[in-house]
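Residue numbers (our numbering): 40 to 1000.
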Amino acid sequence: MKVRSSAFASFILMFEVLGVALFLRGFFPAPVKSLSSKSSLEDLPAEPLSGGSPNASYLPRPLFGRLVIVLIDAMREDYVFGADGRVHMPYTRHLVERGSTLSFVAKARSPTVTMPRIKALTTGSIPGFIDVLMNLNSAALLEDNLIWQAKTAGKKMIFYGDETWVRLFPKHFMEYDGTLSFVSDYTEADNNVTRHLDSTLKRDDWDILILHYLGLDHIGHISGPHSSLIPPKLLEMDDILKKIHGFLISKEAEGSFPYLLVLCADHGMSETGSHGGSSEPEVNTPLVLISPAFKRKVGMEKPDEVEQVDLTPTLALSLGLPISQNSVGRVIQSVFEETSLRDQLRFLHLNGHQLKSLLKDSIPDYEREAGFEQYRVAEKAHGSWMKRYLEGNMSEVLTNMGKKVLKQYFEALSTMSSALSKQLGKYDVYSMIAGMVFVFQLLLVLLLAMPEALSGSASVDLPVISALLSLPFYLLCLLLASVHVLVCTSTESSCYFCSLSWGLVFAAIAFSSAMSCLMLYMMARRLPLGLKLYGKSPLKSSSSEWSLSELDLLLLVGTAGHTLSLASSSFIEEEHQTWYFLLNTLCLVVFQDVCCKYFREKSGPGGEEEHVLPYKDYHKEEMYPEKWLALATPPFVLLCCRLLRYLNQTGMQWAHLPDLGHWLNSSEHKVVLSLLSAFSLVLIYFLIQRRCSLVSKIALALGLLGVYSYRAAVGNVLFPWQHSGRNMSKGTVEARFVYVFVLGILFTGTKDLLRSQIITPDAKLKNRGLWEIYSGLVLLVSLLFRAHNLPVLCCCLLIQTLMAQFIWKKLHYDAAQTTIMHYWFGQAFFYFQGNSNNISTVDISVWFVGFDYFVEAPAMFLTAVSTYAGPLLWACHLVCYLSSERNGSPVAVGHGCYCLAVLRSVPAAAYIVLVTVLRYHLFIWSVFSPKLLYEAMHLLLTAGVCLIFNTVEQSHTSASS
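Right under this line is the structure:
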């Protein structure tokens, strides 16, 4: 069965996306444990007692009567404990240095996103990376948590702030007022919380008050952690804490138990103002506990480090509540130092019993864990201590013995907590392996069909009927069905693939068996041919033999080398360096090809020998301007790439260093940024308007003017008649003005493309339609890019124009070579934008471009376009170039589609295997997991581009027939 190359590549990519989705479903499961049951006071273990009946009735008294939690979103620890803490938060810093407080640096685990961190603070568990996606639409939290325990115990709770709490705990607060999380405002959201304070603090009908302030986080997303807006916001938060503390002090004499005021944060803030990754500024958050129950400080002390999840068992026991079943935290010992030795031992015993129970449910061979044995020893020693204590022994020996037991307990808690933290999730290994097998089968079929797909006919002959009617196909179906039944009946944990209906499972088994048989038939068909390739060589169009030029070797070795580099976490963290090196090397090799073409002369009728023209003969040969432009293009591209590297620091090791983007965004250089943005927009217009219709040219000009107006409205740039101190707005009207022209240009291009394919086959009309769609995409990207990134878009278009006019066309590079170069440029421009393999570099400010509040579907679309603008623009340019510059040849379009599919499939498949092998290593969650999501998105993007390729090739075929 003959199939066009582009159609076959599109088919493979779409099924690879399904395979990757199945793999991701297994790799991002639920957290360590999720039980529907909850802890209760009746389930608490008895107090250990050697040689007698356990004392089941004794429970320590609660330490605190009232609890106030002030959670400041994206609060970095250096904002409180750093050098500027005395200036920006003077009252809080005074309490830390001289007050009755306990200060800690609470380390949050990646992903540092609000909803997963709230789950960690309330359940004590470590959320999975999939919670990043669930952060957008949080459902009610069903597992055991501190808020549920407090409500069950009759505690009356009030909440004001981020509405994520209301969605997670919908019926737990007796009074609440939620504010939208995904808005760009940083004043009204906080004022909406503060306006309730005076009336609420005067009331006596509540036990727990939770305040979640969002303004600091929004400022970080808008202008970074060192913005001039940060100090006033910190002073505002300091005044709020001072007000709350004053009210609690005035009410102190009325209660039988002291109060507890907690200042904390869900996560920190990176040097770019975002969060989600695992850098020190993102994971280090302040934790300040304020209560008259603590000793008064006499000076500034270096705060100890604790895990953020340690706050959950600490608050639970100090309020007289059971610890959540899924908590992996250990109590903060210094909170209980002022209690009796018996109470301290009992608190640690309760925490140890809860961790031991979780250890049993999470680790099959839990008895071999060092923490389990340490806990048993400590519990036994605790029982001996209790026996002597109840006998009335109050000697110093008993005190020393109790302190020793405390140390044993704490060591056991630390070991068990560490062991549980390493079990980040119960991976669905069966679904992971099934997805990996699907992806690899499809990749091998894609590679086996490459010689045919890149031949002169640009088609693939698939022996589908022979594979489906063969005996191995039916034997494989039976074998895989048997394996499926065996796995699903013997596995102890839930498996997504086992939960599917038998119809879907049988279809997947039949598909996998058919792919295996197809591979065998294709391999058998090629074995007698040896190494000889039929048709057109993948890398050289002038010969049917396998001969490689220097450029071909670079493209092959570079692409393969990048795939191999994914095995190292360091190369993943600094992947941009790999692409920068490959791009620079590519420019040098292209420069060599240009010199060979224009400054070497063939001699003899066969052209077998070549010699370089001497310098004096250069003037004898007429040198056309395009030759010199071709010669200047590679050095110019090198210069552009060098300058773009200075614009945005990326990666993980040096992302904190200042760059040209920070300099341009400072208020002192707003005029320079305005001039640069205006120049970039004008150049963008002249670069892309050439192939558009008159209507689209006018729409494009007005749209780019609207882009500048939007950036002026939000305060990034200035018009000549504006003053820098004017009030800013959200720019909603200006952005919507641009959206109108984007939709108009896209509609015009789509209309021309459909007319050329359905009504009257017209290659010129089709090419114009493709270029107009590309122009609409460029206009959308220019709106979404931050002002300092507009030169990136300008350089992208300029390099595309020069390479297409003077390199790819003049040097007659074939479709495969052109495709690989487009792919390399696209990957490099992904990092020129300032992106990295860290989720914190995703710019979520685009959610509010043209919107007053968060709307899920448009926000996801705009984020994807903004993040993947580089690869997307280069892939779309490849479609337009191959369609218009190859004389309407469907062969070139098919070759480009096929090469693009291979280029994206190989690293994606290799990376899946790597993640499967290293899934038990903790560091992959902060480094490899975001990269896995990026690879999945790139694969999906490539599948969409290949569908466009297929449509273009179909229109070529219709036009030629």
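Ideal Cβ placement from N, Cα and C applies to all residues, glycine included.
Keep in mind that this is a model prediction, so the values were computed, not measured.
Nearest neighbour of residue i, chosen from the options [CA to CA]
i	options	result
L350	T324, R335, N755, K334	T324
A145	D305, A48, N184, M40	D305
L130	I329, Y813, F900, P403	A small correction: the amino acid at residue 130 is Tyr; Leu does not occupy that position in the sequence shown. It is I329 whose Cα lies nearest to the Cα of Y130.
S555	L483, G542, S607	L483
L917	T840, N874, P673	T840
A546	L525, S529, C527, L519	L519
T239	A553, K666, K290, T438	K290
T880	G889, W886, Y870	Y870
V232	K241, D216, R242, D243	D216
A914	W863, N877, L525	W863
Inter-residue Cα distance where the pair is residue i and residue j
i	j	result
H260	D278	23 Å
A451	L911	52 Å
L394	R407	15 Å
I859	R234	58 Å
V42	P759	59 Å
L273	T226	12 Å
A46	L248	60 Å
M196	E182	19 Å
S608	R427	54 Å
E116	Q844	53 Å
R794	T787	11 Å
L539	H523	11 Å
L726	G742	15 Å
Expected contact under 8 Å - CB spacing of residue i and residue j to nearest Å
i	j	result
N365	L397	7 Å
E811	C731	5 Å
D246	L88	So it is not a contact: roughly 33 Å between Cβ atoms.
V904	L823	6 Å
L720	V746	6 Å
P946	L605	6 Å
Y560	P502	4 Å
C534	S470	6 Å
P361	S79	6 Å
L356	L445	Rounded, the Cβ-Cβ distance is 15 Å, inconsistent with contact.
C833	I951	That belief does not hold up - the Cβ atoms of C833 and I951 are roughly 36 Å apart, past 8 Å.
A774	G889	3 Å
L263	A228	With the sequence shown as reference, residue 263 is identified as Gly, and Leu is not the correct amino acid for it. At roughly 19 Å, the Cβ-Cβ gap does not stay under 8 Å, so G263 and A228 are not in contact.
D123	T153	Contact doesn't hold; Cβ gap of about 25 Å is too wide.
Unbroken alpha helix (DSSP H) run spanning residue i, endpoints
i	result
Y513	510 to 529
Y862	854 to 871
F630	614 to 638
R242	First-last for R242: undefined, no H or E at that position.
E435	435 to 461
I362	Segment: none, I362 is in no alpha helix (DSSP H) and carries neither H nor E.
Y778	771 to 793
M899	895 to 906
S401	380 to 401
Endpoints, beta strand (DSSP E) assigned at residue i
i	result
R415	Per DSSP, R415 belongs to no beta strand (DSSP E); it is in the alpha helix (DSSP H), 409 to 429.
N323	323 to 329
Y298	298 to 303
K146	140 to 146
T218	214 to 218
R100	Here R100 belongs to no beta strand (DSSP E), and DSSP marks it neither H nor E.
K195	From DSSP, K195 is part of no beta strand (DSSP E); its letter is neither H nor E.
S262	Careful: S262 lies outside any beta strand (DSSP E), inside the alpha helix (DSSP H) at 254 to 262.
D500	498 to 500
Residue burial classification, residue i (beta-carbon count within 10 angstroms, cutoff 16)
i	result
S581	Residue placement at S581 is poorly supported in this model, since its pLDDT is 38, which falls under 50; the coordinates still yield a value, given next. S581 should be labelled exposed.
R943	buried
P1082	No statement about residue 1082 is possible, as the shown extent of the chain runs from 40 to 1000 and does not include it.
Q631	exposed
D237	exposed
P70	Note that P70 has pLDDT 48, beneath the 50 cutoff, so the model's placement of it is unreliable and the number below is only indicative. Classification for P70: buried.
E707	exposed
P166	buried
A48	buried
K158	buried
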